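Everything below concerns the one structure shown next.
Numbering (this note's numbering), first residue to last: 4 to 145.
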(Lines of atoms letter the chains of each structure in order from A and count residues from 1; the text may use other names and numbers.)
(Lines give C-alpha, C1' and ligand atoms only; values in the text may rest on other atoms or scores of the structure.)
Protein backbone atom coordinates (compact mmCIF):
# COMPACT_ATOMS: atom_id res chain seq x y z
CA UNK A 1 0.00 0.00 0.00
CA UNK A 2 3.01 2.33 0.09
CA UNK A 3 2.47 3.17 -3.60
CA UNK A 4 -1.07 4.35 -2.93
CA UNK A 5 0.18 7.51 -1.20
CA UNK A 6 3.01 8.31 -3.62
CA UNK A 7 2.77 11.74 -5.25
CA UNK A 8 3.86 11.14 -8.82
CA UNK A 9 3.92 14.79 -9.85
CA UNK A 10 6.66 15.75 -7.38
CA UNK A 11 8.90 12.78 -8.09
CA UNK A 12 10.84 13.19 -11.35
CA UNK A 13 11.35 9.42 -11.58
CA UNK A 14 7.66 9.14 -12.47
CA UNK A 15 7.34 12.17 -14.74
CA UNK A 16 6.28 11.43 -18.33
CA UNK A 17 9.05 11.24 -20.91
CA UNK A 18 9.56 14.43 -22.92
CA UNK A 19 8.29 14.68 -26.48
CA UNK A 20 10.93 15.42 -29.13
CA UNK A 21 10.17 16.98 -32.52
CA UNK A 22 12.80 17.30 -35.27
CA UNK A 23 12.52 19.98 -37.95
CA UNK A 24 11.88 18.97 -41.58
CA UNK A 25 15.42 20.11 -42.44
CA UNK A 26 16.92 18.16 -39.50
CA UNK A 27 18.61 21.34 -38.20
CA UNK A 28 16.47 21.85 -35.08
CA UNK A 29 15.12 19.77 -32.22
CA UNK A 30 12.23 20.88 -30.02
CA UNK A 31 11.81 19.15 -26.65
CA UNK A 32 8.50 19.45 -24.81
CA UNK A 33 7.85 18.65 -21.16
CA UNK A 34 4.49 17.00 -20.59
CA UNK A 35 2.16 17.73 -17.72
CA UNK A 36 2.02 14.77 -15.35
CA UNK A 37 -1.72 14.72 -14.64
CA UNK A 38 -4.77 16.90 -15.08
CA UNK A 39 -5.56 19.04 -12.05
CA UNK A 40 -8.55 18.19 -9.88
CA UNK A 41 -10.22 21.46 -10.87
CA UNK A 42 -9.81 20.61 -14.57
CA UNK A 43 -11.27 17.14 -14.05
CA UNK A 44 -14.20 18.64 -12.10
CA UNK A 45 -15.19 20.97 -14.94
CA UNK A 46 -18.16 19.54 -16.79
CA UNK A 47 -17.59 21.08 -20.20
CA UNK A 48 -20.08 20.52 -22.98
CA UNK A 49 -20.57 17.03 -24.38
CA UNK A 50 -21.70 16.92 -28.00
CA UNK A 51 -21.84 13.59 -29.81
CA UNK A 52 -18.99 12.16 -27.77
CA UNK A 53 -16.79 15.29 -27.85
CA UNK A 54 -16.12 17.00 -24.51
CA UNK A 55 -15.57 20.71 -25.16
CA UNK A 56 -14.25 23.38 -22.80
CA UNK A 57 -16.72 26.22 -23.39
CA UNK A 58 -14.36 28.86 -21.95
CA UNK A 59 -11.46 28.11 -24.28
CA UNK A 60 -13.23 26.58 -27.31
CA UNK A 61 -10.92 23.59 -27.20
CA UNK A 62 -11.16 19.94 -26.18
CA UNK A 63 -11.75 19.54 -22.46
CA UNK A 64 -9.13 17.58 -20.49
CA UNK A 65 -6.66 17.88 -23.35
CA UNK A 66 -3.10 16.95 -22.47
CA UNK A 67 -0.65 19.82 -22.90
CA UNK A 68 3.03 20.61 -22.60
CA UNK A 69 4.31 23.05 -20.00
CA UNK A 70 7.90 23.82 -21.01
CA UNK A 71 9.84 23.91 -24.25
CA UNK A 72 13.51 23.74 -25.19
CA UNK A 73 15.08 24.18 -28.60
CA UNK A 74 18.39 22.74 -29.72
CA UNK A 75 20.40 23.43 -32.83
CA UNK A 76 21.54 20.09 -34.19
CA UNK A 77 24.37 21.78 -36.07
CA UNK A 78 25.93 23.56 -33.05
CA UNK A 79 24.54 21.45 -30.20
CA UNK A 80 23.41 24.56 -28.29
CA UNK A 81 20.20 24.07 -26.30
CA UNK A 82 18.09 26.75 -24.61
CA UNK A 83 14.82 26.90 -22.74
CA UNK A 84 12.11 28.96 -24.43
CA UNK A 85 10.77 31.79 -22.28
CA UNK A 86 6.98 31.52 -22.17
CA UNK A 87 4.35 32.96 -19.83
CA UNK A 88 4.03 31.24 -16.47
CA UNK A 89 1.70 28.23 -16.39
CA UNK A 90 1.97 27.83 -20.17
CA UNK A 91 -0.17 25.06 -21.69
CA UNK A 92 1.39 24.41 -25.11
CA UNK A 93 -0.46 22.56 -27.92
CA UNK A 94 -0.81 22.32 -31.70
CA UNK A 95 2.86 22.69 -32.65
CA UNK A 96 3.54 23.09 -36.39
CA UNK A 97 6.76 23.60 -38.35
CA UNK A 98 7.09 26.22 -41.07
CA UNK A 99 7.83 24.73 -44.51
CA UNK A 100 11.49 25.80 -44.30
CA UNK A 101 11.88 24.34 -40.78
CA UNK A 102 13.16 27.62 -39.31
CA UNK A 103 10.05 28.62 -37.36
CA UNK A 104 7.31 26.96 -35.35
CA UNK A 105 3.77 27.97 -34.53
CA UNK A 106 1.90 26.74 -31.45
CA UNK A 107 -0.99 27.61 -29.20
CA UNK A 108 -1.02 28.55 -25.55
CA UNK A 109 -4.16 27.66 -23.65
CA UNK A 110 -5.14 30.51 -21.34
CA UNK A 111 -8.11 30.74 -18.97
CA UNK A 112 -10.13 32.63 -21.60
CA UNK A 113 -9.09 30.87 -24.82
CA UNK A 114 -6.31 29.77 -27.16
CA UNK A 115 -3.63 32.19 -28.32
CA UNK A 116 -1.50 31.65 -31.42
CA UNK A 117 2.24 32.06 -30.88
CA UNK A 118 5.21 31.77 -33.24
CA UNK A 119 8.95 31.47 -32.79
CA UNK A 120 12.02 31.92 -34.96
CA UNK A 121 14.29 29.07 -33.89
CA UNK A 122 17.49 30.97 -34.71
CA UNK A 123 16.69 33.62 -32.07
CA UNK A 124 14.70 31.40 -29.71
CA UNK A 125 12.32 34.27 -29.01
CA UNK A 126 8.58 33.50 -29.19
CA UNK A 127 5.95 36.15 -29.86
CA UNK A 128 2.20 36.26 -29.50
CA UNK A 129 0.39 36.41 -32.85
CA UNK A 130 -3.25 36.59 -31.69
CA UNK A 131 -5.29 37.24 -28.61
CA UNK A 132 -7.18 34.19 -27.22
CA UNK A 133 -9.56 33.98 -30.20
CA UNK A 134 -8.76 30.58 -31.74
CA UNK A 135 -11.32 27.80 -31.90
CA UNK A 136 -10.17 24.17 -31.61
CA UNK A 137 -13.48 22.53 -30.80
CA UNK A 138 -13.29 20.37 -33.88
CA UNK A 139 -9.68 20.15 -35.00
CA UNK A 140 -6.53 22.22 -35.42
CA UNK A 141 -7.26 25.90 -34.69
CA UNK A 142 -5.01 27.40 -37.39
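Even glycine gets a Cβ: it sits at the ideal position worked out from N, Cα and C.
Computed from a prediction, not measured in an experiment: that's the story for all the values here.
Based on Cα-Cα distance, which residue from 109, 137, 144 and 115 lies nearest to residue 130?
Taking the chain shown and counting its residues from 1, one reaches residue 130 at position 127. If we check each option's Cα against that of residue 130, 109 comes out closest.
Please classify residue 62: is it buried, with 16 or more other beta-carbons within 10 angstroms of its beta-carbon, or exposed?
What you label residue 62 is simply residue 59 of the chain shown in a count that begins at 1. With 16 or more other Cβ atoms within 10 Å, it is buried.
Runs of beta strand (DSSP E) wholly within the segment 52-128 (minimum 3 residues, chain order):
Whole beta strand (DSSP E) segments, 3+ residues: 56-59, 71-78, 84-86, 95-100, 106-113 and 116-123.
Short Cβ contact (9 Å threshold) for residue 32 with residue 98
Position 29 of the chain shown holds residue 32. Position 95 of the chain shown holds residue 98. It is not a contact, given that the beta carbons lie outside the stated cut-off.
Give a yes or no on contact between the segment 80-88 and the segment 137-144, applying the rule of three or more CB pairs nearer than 8 Å.
no
Mind reading off the beta-carbon distance from residue 105 to residue 117? Whole number of angstroms is fine, and I expect it under 8 Å.
On the chain shown, residue 105 is found 102 positions in, with the first residue counted as 1. On the chain shown, residue 117 is found 114 positions in, with the first residue counted as 1. Not a contact, Cβ separation roughly 24 Å.
Given a cut-off of 9 Å on the beta-carbon distance, is the pair residue 51 and residue 66 in contact?
Within the chain shown, numbered from 1, the residue matching residue 51 stands at position 48. Within the chain shown, numbered from 1, the residue matching residue 66 stands at position 63. Yes, the Cβ-Cβ distance between residue 51 and residue 66 is below 9 Å.
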